[in-house]
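Peer 1: Position 20 (the sequence shown) corresponds to 20 in full-length UniProt numbering; numbering is contiguous.
Note that beta-carbon positions come from the ideal geometry of N, C-alpha and C, so glycine has one too.
Only a predicted model underlies this, so the values are computations on that prediction, with no experimental measurement involved.
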Amino acid sequence: NVLFCNYVVYLFTFFPFKIGEVDEDYAPIHTYQVCRVMEQNQNNWLHTNWILTEGAQRVYIELKFTLRDCNSLPGGVGTCKETFNMYYYETDEEEDRAMKESRYIKVDTIAADESFTELDLGDRVMKLNTEVRDLGPLSRKGFYLAFQDLGACIALVSVRVFYKRCPFLVKSLAEFPDTIPGSEASQLVEVVGHCINNSMPLYEPPRMHCSADGEWLVPIGKCVCKPGFEEMSGYCQVCKVGFYRSQLESSACSKCPPHSVARQTGATSCSCEDEYHKIDSDPPNMACTRPPSAPRNAISNVNETSVFLEWSIPMETGGRKDVRYNILCSRVLPDGRGLEECGPNVRFLPRRVGLSNTSVMVADLQSHTNYSFLLEAVNGVSEMAKDYTKQYVTLNVTTNQAGIVVRKGYTGKSSIGLSWAEPDRPNGIILEYEIKYFEKEQDSSYTIIKSKETEMVVEGLKASSVYIFQVRARTSAGYGAFSRRFEFQTSPYCEYTGTIQSTMASIIAVAITLALVLLAVVAGFLLSGRRCGYSKAKQDPEEEKMHFHNGHIKFPGVRTYIDPLTYEDPNQAVHEFAQEIDVSFISIERIIGAGEFGEVCCGPLRLPGKREIQVAIKTLKAGYTEQQRRDFLWEASIMGQFNHPNIIRLEGVVTKSKPVMIITEYMENGSLDTFLKKNDGQFTVIQLVGMLRGIASGMRYLSDMGYVHRDLAARNILVNSNLVCKVSDFGLSRVLEDDAEAAYTTRGGKIPIRWTAPEAIAYRKFTSASDVWSYGIVMWEVMSYGERPYWEMSNQDVIKAVEENYRLPGPMDCPEALYHLMMDCWQRERTNRPKFDEIVCLLDKLIRNPSSLKKLPHLEDNFCFCEILNIS
Numbered sequence: 001n002v003l004f005c006n007y008v009v010y011l012f013t014f015f016p017f018k019i020g021e022v023d024e025d026y027a028p029i030h031t032y033q034v035c036r037v038m039e040q041n042q043n044n045w046l047h048t049n050w051i052l053t054e055g056a057q058r059v060y061i062e063l064k065f066t067l068r069d070c071n072s073l074p075g076g077v078g079t080c081k082e083t084f085n086m087y088y089y090e091t092d093e094e095e096d097r098a099m100k101e102s103r104y105i106k107v108d109t110i111a112a113d114e115s116f117t118e119l120d121l122g123d124r125v126m127k128l129n130t131e132v133r134d135l136g137p138l139s140r141k142g143f144y145l146a147f148q149d150l151g152a153c154i155a156l157v158s159v160r161v162f163y164k165r166c167p168f169l170v171k172s173l174a175e176f177p178d179t180i181p182g183s184e185a186s187q188l189v190e191v192v193g194h195c196i197n198n199s200m201p202l203y204e205p206p207r208m209h210c211s212a213d214g215e216w217l218v219p220i221g222k223c224v225c226k227p228g229f230e231e232m233s234g235y236c237q238v239c240k241v242g243f244y245r246s247q248l249e250s251s252a253c254s255k256c257p258p259h260s261v262a263r264q265t266g267a268t269s270c271s272c273e274d275e276y277h278k279i280d281s282d283p284p285n286m287a288c289t290r291p292p293s294a295p296r297n298a299i300s301n302v303n304e305t306s307v308f309l310e311w312s313i314p315m316e317t318g319g320r321k322d323v324r325y326n327i328l329c330s331r332v333l334p335d336g337r338g339l340e341e342c343g344p345n346v347r348f349l350p351r352r353v354g355l356s357n358t359s360v361m362v363a364d365l366q367s368h369t370n371y372s373f374l375l376e377a378v379n380g381v382s383e384m385a386k387d388y389t390k391q392y393v394t395l396n397v398t399t400n401q402a403g404i405v406v407r408k409g410y411t412g413k414s415s416i417g418l419s420w421a422e423p424d425r426p427n428g429i430i431l432e433y434e435i436k437y438f439e440k441e442q443d444s445s446y447t448i449i450k451s452k453e454t455e456m457v458v459e460g461l462k463a464s465s466v467y468i469f470q471v472r473a474r475t476s477a478g479y480g481a482f483s484r485r486f487e488f489q490t491s492p493y494c495e496y497t498g499t500i501q502s503t504m505a506s507i508i509a510v511a512i513t514l515a516l517v518l519l520a521v522v523a524g525f526l527l528s529g530r531r532c533g534y535s536k537a538k539q540d541p542e543e544e545k546m547h548f549h550n551g552h553i554k555f556p557g558v559r560t561y562i563d564p565l566t567y568e569d570p571n572q573a574v575h576e577f578a579q580e581i582d583v584s585f586i587s588i589e590r591i592i593g594a595g596e597f598g599e600v601c602c603g604p605l606r607l608p609g610k611r612e613i614q615v616a617i618k619t620l621k622a623g624y625t626e627q628q629r630r631d632f633l634w635e636a637s638i639m640g641q642f643n644h645p646n647i648i649r650l651e652g653v654v655t656k657s658k659p660v661m662i663i664t665e666y667m668e669n670g671s672l673d674t675f676l677k678k679n680d681g682q683f684t685v686i687q688l689v690g691m692l693r694g695i696a697s698g699m700r701y702l703s704d705m706g707y708v709h710r711d712l713a714a715r716n717i718l719v720n721s722n723l724v725c726k727v728s729d730f731g732l733s734r735v736l737e738d739d740a741e742a743a744y745t746t747r748g749g750k751i752p753i754r755w756t757a758p759e760a761i762a763y764r765k766f767t768s769a770s771d772v773w774s775y776g777i778v779m780w781e782v783m784s785y786g787e788r789p790y791w792e793m794s795n796q797d798v799i800k801a802v803e804e805n806y807r808l809p810g811p812m813d814c815p816e817a818l819y820h821l822m823m824d825c826w827q828r829e830r831t832n833r834p835k836f837d838e839i840v841c842l843l844d845k846l847i848r849n850p851s852s853l854k855k856l857p858h859l860e861d862n863f864c865f866c867e868i869l870n871i872s
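1) Cα-Cα, which of R788, G786, Q827 and D813 is closest to N805?
2) I need the straight-line Cα distance from F142 to V238, nearest angstrom please.
3) In the DSSP output, which residue or residues are listed as bridge partners for H259?
4) Tell me, which residues are paired with G182 by DSSP?
5) Contact defined as beta carbons within less than 8 angstroms: I believe Y244 pairs with A267. What is the distance between those atoms, to the nearest angstrom?
6) Check whether the region 335 to 347 touches the region 283 to 292, counting contact only when three or more Cβ pairs, one atom from each stretch, lie closer than 8 angstroms.
7) Along the chain, where does the beta strand (DSSP E) that runs through W45 open and close?
8) Out of curiosity, what's the CA-to-CA distance linking P295 and V798?
9) Using the beta-carbon count (16 or more within 10 Å), is D149 buried or exposed?
10) How should E589 be labelled, buried or exposed, when 16 other C-beta atoms within 10 angstroms of its C-beta is the threshold for buried?
11) Quick check on D711: buried or exposed, where buried means 16 or more other Cβ atoms within 10 Å of its Cβ?
12) Check whether the region 663 to 670 touches the region 717 to 733, counting contact only when three or more Cβ pairs, one atom from each stretch, lie closer than 8 angstroms.
13) Let me know the secondary structure DSSP gives K171 once reduced to three states.
14) Here's a check: name, in chain order, each residue in its chain whose Cβ is nearer than 8 angstroms to the Cβ of M315, leaving out the five neighbours to either side.
15) Can you round the beta-carbon distance between A421 and T454 to whole angstroms, since I take them to be within the 8 angstroms contact cut?
16) Which residues in the same chain as A463 place their Cβ atom closer than 8 angstroms to its Cβ, once the five residues preceding and following it in sequence are excluded?
17) Assign A769 to one of three DSSP states: helix, strand, or coil.
18) Rounded to the nearest angstrom, how far is the Cβ of L156 from that of F65, given a contact under 8 angstroms?
19) So, is the C-beta of H644 closer than 8 angstroms to a C-beta in chain D?
20) Go through the region 565 to 594 residue by residue and report every complete run of the beta strand (DSSP E) that reaches 3 residues or more, in order.
21) Comparing alpha-carbon positions, which option in E230, I279 and E439 lies nearest K255?
22) Rounding to the nearest angstrom, what Cα-Cα distance links R103 and L217 in this structure?
23) In terms of alpha-carbon separation, which member of V778, V170 and P752 lies closest to F766?
24) So which of S115, E131, N129 and T83 has the shortest CA-CA distance to T109?
25) Is it a yes or a no for the region 625 to 634 touching the region 566 to 577, going by three-plus beta-carbon pairs under 8 angstroms?
26) Given a threshold of 16 other Cβ atoms within 10 Å of its Cβ, counted over all protein chains shown, does S356 qualify as buried or as exposed?
27) Where M232 and R207 are concerned, what is the direct C-alpha to C-alpha distance, given to the nearest angstrom?
28) Tell me whether P334 sits in a helix, a strand or coil according to DSSP, three-state version.
29) If you reduce the DSSP assignment to three classes, tell me which class T674 lands in.
30) State the start and end residues of the unbroken alpha helix (DSSP H) segment that holds H820.
31) Are the beta-carbon atoms belonging to residue 921 and F488 less than 8 angstroms from one another?
32) Taking 6 angstroms as the limit between beta carbons, can you name the residues of its chain near K222, skipping five residues before and five after?
33) What residue does the beta strand (DSSP E) around V466 start on, and which one ends it?
34) Are the Cβ atoms of R263 and Y163 separated by less than 8 angstroms?
35) Taking Cβ to Cβ, would you say C288 is nearer than 8 angstroms to H277?
36) Whether or not the region 781 to 790 and the region 805 to 824 are in contact is what I'm after, with contact meaning three or more pairs of Cβ atoms, one per stretch, closer than 8 angstroms; do they touch?
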């Protein structure tokens, strides 16, 4: 606080001046007194000299005074008051003090908290009253103060005039000057600080706010030491030799990372030692690195005209994690004439250069030919090493007998005739052939057709187009490898090179095909009028023609599931369908459960460029075998093929570090059966039907893709915070329940008896229809709030009861429409069960027509099968 003065005031009218008073501490004081209470019409004035504001817009006046109690005065007084008035007058320059009273503006009427009496005069010790008033906003250079007495007995001891200011301050390496507050009591004056001592603003200049009380408030921003300096004891000191500081976010100098050095003080980075390098994207704290050594333990596996190459990571990776592999393929020329680079017809799966995994499939080689493969390991700094000698490992292989040779018969505008010979040494009796074909340069979308003969006509092709054909045979031992690629082109016009008989046969075949198509269109038109009625037709005839796109089987307009078993290398399936996630992007916060392979945790996933999300993290326990690792990642190979709001979403996998992890979306409410038990009776029927509709929608998607779940149960449905239900648990091995009674063991694995259709138990015939049976059990679980199906009956009793046409009774308060749907899902003949798209359609109708859910069923007969429910 800054004191203007203890002003000696000038008295306009007569004020007796007394000396010798003492304050509460017995110190002598000087006072201005007036006590003309015996006279009428008093109007006494006292004012100060001219007071400079020094730029202050609000000032404070502290008054110290004494005042006599009117009741203590003798009778006969002319007038007596116990208050006096304070005024002020603003002006830009000092004026004559004999000014008019009318120019003054009243500040306040001042009253005493304590007054004295005649008895106090003998002691000459009187308690002082202290009052503070403020003036503002002031706009002139100075002002006068005046005090008016209208008949009080008063002694004015002191007048102190001052203003408040925020003092000079150094904070966070920034200095803030003396600052005068604003005119309003609630106003904050923003002040921009100045960075000092080799510092600079972090993101924005530092600011603070000066309050009306003279306090610094609301700091914003700060200064940090410039690169090459570090903050110590409030000052920026230069980094020593061997240390550096490059980032403003870090506060201290860091020691140079391995294989780098800083030879001068104040370094902002460290330079690499000889033979070590960095690339621009490497962080400053990363060690300098060098190229890797050659791959190790390279092996080959020849399968006819294909070679599978596999190797181990280099002994020396150069200190980097971005090791990639390149393959150089050369054909050994006859008679020792040297090597010739493999041509463009040789295929490398997944690619020839930039491989991240340690294996590759080389296909379409020539049969009975010697090849030489050079495997090179590179990393991010390989190109920067000027004197770097590439490190290779060499593999020499010889291909075997070629596969099936395909020959072209005749060519038409939209068809090509093919023939081929039976393989020389088939592994058993050939059951059928698969012909794979696609338009050249479009191998991501292909078609497969089947034939039991060694010739066929491929139709529906484009005119004047080149197609690639491959053939493979199937025996009881499974499918062999596809033959090498054969290129054939269709004609630009209708020209056949075959016999008249084959031409006539084609015409007849086309006529029959057109008739069948017309019949199918008419039948489809008639059936479309049924809308949501259940189809009782046979559901699962095998399709003779399948379309593929990007490796996925496609029925018309539908993406189809691919069994990971079809991959020779299971790791390739994992990395094709699941995104590899760097473990540094994942934080494990807590454990939420345990699975067959390890713990289940949750935590945030922070992918670059994406918002942070909560995920569930399945971990593979330590000490696993390679088979356990493959089984664990099997679920990711399956889950990664699905994309539907009612199917649990796979975020990615961690396979390049330990522990191995599967990352999925986090479902806050856990499994459906546990969630329902915790919230027994808390949901409306419409809410429960909405949950069932979501499950059915997810199963419809799986069914359309050709995937059979086999273990659909409420325990394998997860629920998020919005009550959205999602189908989960696609693992090869599942923990069915805690007790051994939960599954019925047959050759080929365990079956969850209470949820499984009779034909799946008896014959292991799993289809979408058996999933529909399981869905009916899930409906029963939902409507009974997680009750155990068939209660305490043993598995053998359940099998026997179902075989004798016993069916679960309707849960309490279950609407008749839903129980009828359950009973239709439990039809013994699987072709009579509804399909999932029909179930979704019916549930949509029920949701749109809530009144249909009010009717409760008659439960006298639990053995009957109910007919289709028609809802208008």
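Peer 2: By the coordinates alone:
1) Q827
2) First, the residue type needs correcting, since residue 142 is Gly and not Phe in the sequence shown. C-alpha separation (whole angstroms): 50 angstroms.
3) Its beta-bridge partners do not exist; DSSP assigns none.
4) Answer by DSSP bridge pairing: none, since G182 is not bridged.
5) 4 angstroms
6) no
7) N44 to H47
8) 58 angstroms
9) buried
10) exposed
11) buried
12) yes
13) strand
14) S293 and R296
15) 7 angstroms
16) K413, S414, T490, S491, P492 and Y493
17) helix
18) 5 angstroms
19) Absent from the structure is chain D; it holds one protein chain and no more.
20) 590 to 594
21) E230
22) 39 angstroms
23) P752
24) T83
25) yes
26) exposed
27) 22 angstroms
28) helix
29) helix
30) E816 to C825
31) Examination of residue 921 is not possible in this model, given that the chain is present from 1 through 872 alone.
32) S172, L202 and P206
33) V466 to T475
34) no
35) yes
36) yes
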